[in-house]
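Chemist:
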Amino acid sequence: MRSRISTIPPEPPDTLGGGDLPANDSPLTLSMPLPAPSSGSTLAPPSATATPRPGTQIGGTMVEALRNEEAARCRSFGLTVSILASIAAPLLPLLGGTPWLIALTQLALIWILCLALWVWRIGARQDRYSPRVFRLFGWSCALASLLGDYHLGLFSPAPMIVTLGISFFALSDERRLALRLSLTATGGYLLLVVGVLTGALPDVGLLPVTALPPNERLFLALMVPTVFLGTLWQARQSRAATHEALRQAQQAMLLANHQEARLQEARLDLDVALRAGAGVDGRYSGHLVGDYRLAELIGRGAMGEVYGASGPDGEPVAVKMLSAHAATDGALVKRFLREGELTASLQSPHIVRVHALGALVGGGPYIVMERLHGADLGRWLREQGPLSLASAVALAQHLAAGLDAAHAAGVVHRDIKPQNVFRDEPRGGGDVTWKLVDFGVSKLQSSQGTLTQRAIVGTPGYMSPEQAEGLDADTRSDLFSLGAVLYRALTDRPPFPGPDTPQILFA
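Note that the working numbering has the sequence shown beginning at 142, numbered continuously upward.
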């Protein structure tokens, strides 16, 4: 039998139905409606468990990351040095100077050019790069820099190039090597300066040391090594900061992996909980409810059960029943009947069909609905991830058609969320159909009375702003919630995340 809309009570109480994400999807509640099973209040029990999604993978260890970073830096520095050496080597004789020193310096530049090109090439293949490449390149550059300083002039601009080398080699992960190379360049420069100033070495540089006044010699003799040591200190501080940043990043990724592992366990636990009792006989299995013979349980919740059944024509249906305890709560019974009557009044392929509703003799009320096969959107997203663009467009079209039919009949759903959107897969084959289910907190636009006494109705992560403020909701509220659901379907993320309900409501 079908009840008529004129018998609908003014408004249902608020709900606390289960959600996909507890912080975002759980509706606010004053009393508990009949929870739907994991695959919807009208679906056949699922045969497979949730398919785990892969967790975040940590991309290599910290040591590997630093080694790869050093190889990339070495390649870049090798290219820079090769360019400088290729320019300096042929032009060096044009500057003049002592012939034997020109020849030695030119040979050093050619050696550095060849070595830098080799480093640039090998740095591109991280599998062939090794710390020995770095050591050979470092010692060659350190010794060549002393020869270049001596030829061009110890107080010429030549030592500026040494700071470039120190800033690079001091960033090495081999701390001792970084210090030895930098201190060799600094100490060697000091020995050359002292040797020239004391006359132990001939002053044969292109810019002679003796050409400067004594006070300038003293200033440069002290200042240049100080700059070298300052460059060394700054580079080591930068390397320490890099190490700390990588350590923190690795800890964050490890924590994310732990969180994902716990979340995966929670998904599996949720799947088991949602399917609790499915496929076994319940206390009403075998009973006749109206014209429908109850069979196995599809799902069980705190407020009732959902049974598979078949009617006189053999069509499979689902029968939603309040428990004996819940049937004693007048507000719950009114809300339950209201859901059945409102849904029965709506005719759309995208709204679950209600065939009949009634009450057992001496028992609680029941709703006979079409039996769907598949999963709700929340479960689908947990198992399969976000929808493709084409699937999301189909979802939007189907839900919009369902809402259009509801709004045309003056019904506002008020709780559009992934758990109330069902993906129906016909057993005999055919196209997938998205359907709206659970009109338990819906209302007629013309209704002025309320059982909620202006309390917030809906699910915080998907409700419209006026619902969040406890104001009257109209058809536009459903459209807002539809947009929130589509956002979730495309991104697999809640549109308004937050650790608690107030933060979600006022995001």
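Glycine included, every Cβ here is placed at the ideal spot set by N, Cα and C.
1. Give me the Cβ distance between residue 264 and residue 347, rounded to the nearest whole Å; I'm assuming they're in contact under 8 angstroms.
2. Taking the continuous alpha helix (DSSP H) assigned at residue 691, which residues delimit it?
3. In angstroms, rounded to a whole number, what distance separates the CA positions of residue 498 and residue 630?
4. In angstroms, rounded to a whole number, what distance separates the CA positions of residue 171 and residue 552?
5. What three-state label does DSSP hand residue 511 in the structure shown?
6. So within the stretch 321 to 367, which uninterrupted alpha helix (DSSP H) runs reach at least 4 residues, ignoring any that extend past its ends?
7. Using 10 angstroms around the beta-carbon of residue 374, count the other beta-carbons present and answer buried if the total reaches 16, otherwise exposed.
8. Classify residue 303 as buried or exposed, calling it buried when 16 or more other Cβ atoms lie within 10 Å of its own Cβ.
9. Determine the contact status of residue 299 and residue 290, defining contact as a CB-CB distance below 7 angstroms.
10. Using the three-state DSSP reduction, which class does residue 475 fall into: helix, strand or coil?
11. Is it the case that the Cβ atoms of residue 212 and residue 311 are separated by a distance below 7 angstroms?
12. So, helix, strand or coil for residue 633, using DSSP?
13. Hey, residue 450 and residue 433: beta-carbon distance below 7 angstroms or not?
14. In this structure, does DSSP put residue 462 in helix, strand or coil?
15. Measuring CB to CB, does residue 335 end up less than 7 angstroms from residue 350?
16. Would you mind working out which of 389, 483, 511 and 502 sits nearest residue 496, comparing C-alpha positions?
17. Following the continuous alpha helix (DSSP H) through residue 600, name the residue where it begins and the one where it ends.
18. In the DSSP assignment, the beta strand (DSSP E) including residue 448 goes from what residue to what residue?
19. Which partner residues of residue 456 appear in the DSSP bridge assignment?
20. Leaving out five residues on either side along the sequence, give the residues of the same chain with a beta carbon under 7 angstroms from the beta carbon of residue 340.
21. With a threshold of 16 other CB atoms inside 10 Å of the CB of residue 317, please say whether the residue is buried or exposed.
22. Taking 7 angstroms as the threshold (C-beta atoms), are residue 217 and residue 257 in contact?
23. Taking the alpha-carbon positions, what's the residue 226 to residue 369 distance?
24. If residue 522 and residue 493 are in contact, beta carbons under 8 angstroms, what's the gap, nearest whole angstrom?
25. Could you work out which residue in 489, 475, 540 and 566 is closest to residue 516 when comparing CA atoms only?
26. Taking a contact to mean a Cβ-Cβ separation below 7 angstroms, would you say residue 285 touches residue 251 in this structure?
27. Go to residue 523, then tell me how far its alpha helix (DSSP H) extends in each direction, as first and last residue.
28. Determine the DSSP secondary structure at residue 580, reduced to helix, strand or coil.
29. Determine the direct distance from the alpha carbon of residue 634 to that of residue 198, and round the result to whole angstroms.
30. Got a sec, what are the start and stop residues for the beta strand (DSSP E) residue 564 sits in?
31. I'd like to know if the stretch 455 to 463 and the stretch 554 to 563 are in contact, where contact means that at least 3 CB-CB pairs between them fall below 8 angstroms.
32. For residue 279, name the three-state secondary structure that DSSP assigns.
33. Are the stretch 461 to 472 and the stretch 574 to 582 touching by the rule of at least three beta carbon pairs closer than 8 angstroms?
34. Please confirm whether residue 599 and residue 608 have their CB atoms less than 7 angstroms apart.
35. Rounded C-beta distance between residue 233 and residue 243? I'm assuming under 8 angstroms.
36. Can you check which of these residues, 431, 437 and 441, is closest to residue 453 by C-alpha distance?
Modeler: Let's see:
1. In fact, because the Cβ distance is near 33 angstroms, the residues do not count as touching under 8 angstroms.
2. Nothing can be reported for residue 691: it is not among the residues displayed for the chain, which extend from 142 to 648.
3. For residue 498 and residue 630, the distance between alpha carbons rounds to 33 angstroms.
4. Because the pLDDT of residue 171 is 29, which lies under 50, any placement of that residue in the model is unreliable, and the question is left without a value.
5. In the displayed model, residue 511 falls within a strand according to three-state DSSP.
6. Counting only runs of 4 or more, we get nothing.
7. Result: exposed.
8. Buried.
9. Yes, they are a contact pair.
10. Of the three classes helix, strand and coil, the one that applies to residue 475 here is helix, per DSSP.
11. Not in contact: residue 212 and residue 311 (Cβ atoms no closer than 7 angstroms).
12. Correct three-state label for residue 633: coil.
13. Contact flag set, yes.
14. Three-state DSSP puts residue 462 in a strand.
15. Taking 7 angstroms as the Cβ cut-off, residue 335 and residue 350 do not qualify as a contacting pair.
16. The closest CA to that of residue 496, considering only 389, 483, 511 and 502, is found on 511.
17. Here residue 600 belongs to no alpha helix (DSSP H), and DSSP marks it neither H nor E.
18. Taken as a continuous stretch (DSSP letters only), the beta strand (DSSP E) holding residue 448 covers 445 to 451.
19. Partner(s): none; residue 456 has no beta bridge.
20. There are no such residues.
21. Counting Cβ neighbours within 10 Å, residue 317 comes out exposed, since fewer than 16 surround it.
22. The criterion of a C-beta distance shorter than 7 angstroms is not satisfied by residue 257 and residue 217.
23. Each residue's Cα considered, the two are about 21 angstroms apart.
24. The pair is not a contact, with the Cβ atoms about 20 angstroms apart (cut-off 8 angstroms).
25. Nearest C-alpha to residue 516: 566.
26. Remark: C-beta atoms of residue 285 and residue 251 do not approach each other more closely than 7 angstroms.
27. 518 to 525 is the extent of the alpha helix (DSSP H) around residue 523.
28. Residue state, collapsed to three classes: coil.
29. The pLDDT assigned to residue 198 is 40, lower than 50, so where the model puts this residue is not dependable; a value taken from the coordinates is nonetheless given after this. Roughly 20 angstroms between the two C-alpha positions.
30. In the DSSP annotation of this structure, the continuous segment of the beta strand (DSSP E) that includes residue 564 starts and ends at 562 to 565.
31. When Cβ pairs closer than 8 angstroms are counted between the two stretches, the stretch 455 to 463 is seen not to touch the stretch 554 to 563, the count staying below three.
32. Residue 279: helix per DSSP, three-state reduction.
33. At 8 angstroms Cβ cutoff, the stretches do not touch.
34. The Cβ-Cβ distance between residue 599 and residue 608 falls below 7 angstroms.
35. Between residue 233 and residue 243, the beta carbon gap of about 6 angstroms places them in contact (Cβ cut-off 8 angstroms).
36. When only C-alpha atoms are compared, the closest one is 431.
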